[in-house]
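In the working numbering, the protein residues as written are 1 to 153. Backbone N, C-alpha and C fix where the C-beta goes; we use that ideal spot for every residue, glycine too. A quick note: this is a predicted structure, and the numbers were derived from the prediction, not measured.
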């Protein structure tokens, strides 16, 4: 079982993540907005502008043991679902720290989780870069498979 962070440890992590995101917002032109969630959970919403998918929003949730992160990739496929899911499962084998999953209403998500004790600026950079580049690289082909009839001329 991973280490449980006490409230002061969580606060230090929260501040570290806040600082890193503020720096990224100022220096990374792909990041257009960063918002903090309100309520009991410590959450961030990172909105990024892409070329293949106009916007990608990454959600980060800091807990006592782990940082969870996810992004919505696309809605449930209307066709070729079995083929699309096969591609996603095979792609999972090539990804580090993230995986494709099926969420609410069978939508496709990219998700991951890491222990708080391993969290640092390099890992945050890797997470954001991996999630953004994976969505940018795969989104066009996934949509063409899952919604093939919409792309017929």
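Just to confirm, are residue i and residue j a CB contact at a threshold of 8 angstroms?
| i | j | result |
| --- | --- | --- |
| residue 109 | residue 73 | yes |
| residue 105 | residue 81 | no |
| residue 180 | residue 64 | Absent from the structure is residue 180, since the part of the chain shown begins at 1 and ends at 153. |
| residue 48 | residue 26 | no |
| residue 78 | residue 147 | yes |
| residue 114 | residue 103 | no |
| residue 5 | residue 116 | yes |
| residue 124 | residue 84 | no |
| residue 136 | residue 37 | no |
Between residue i and residue j, which are expected to be in contact by the criterion C-beta below 8 angstroms, what is the C-beta distance as a whole number of angstroms?
| i | j | result |
| --- | --- | --- |
| residue 57 | residue 71 | 6 angstroms |
| residue 111 | residue 99 | 6 angstroms |
| residue 87 | residue 44 | The Cβ separation is near 30 angstroms, so there is no contact. |
| residue 95 | residue 66 | 18 angstroms between Cβ atoms; not a contact. |
Might you give, ordered along the chain, the residues of its own chain that have their beta carbon closer than 6 angstroms to the beta carbon of residue i, omitting 5 neighbours on each side?
| i | result |
| --- | --- |
| residue 139 | 52, 53 |
| residue 42 | 14, 62 |
| residue 107 | 75, 76 |
| residue 68 | 61, 113 |
Measuring only between beta-carbons, confirm whether residue i sits less than 8 angstroms from chain C.
| i | result |
| --- | --- |
| residue 97 | Within the model displayed, chain C is absent; a lone protein chain is all it includes. |
Looking at the structure shown, is residue i part of a helix, part of a strand, or coil, going by DSSP?
| i | result |
| --- | --- |
| residue 90 | helix |
| residue 146 | helix |
| residue 97 | coil |
| residue 50 | coil |
| residue 65 | coil |
| residue 135 | helix |
| residue 39 | coil |
| residue 115 | strand |
| residue 5 | coil |
| residue 105 | helix |
For residue i, which residues of its own chain have a beta-carbon under 8 angstroms away from its beta-carbon, when the five flanking residues on both sides are left out?
| i | result |
| --- | --- |
| residue 34 | 21, 22, 24, 25, 44, 45, 46, 47 |
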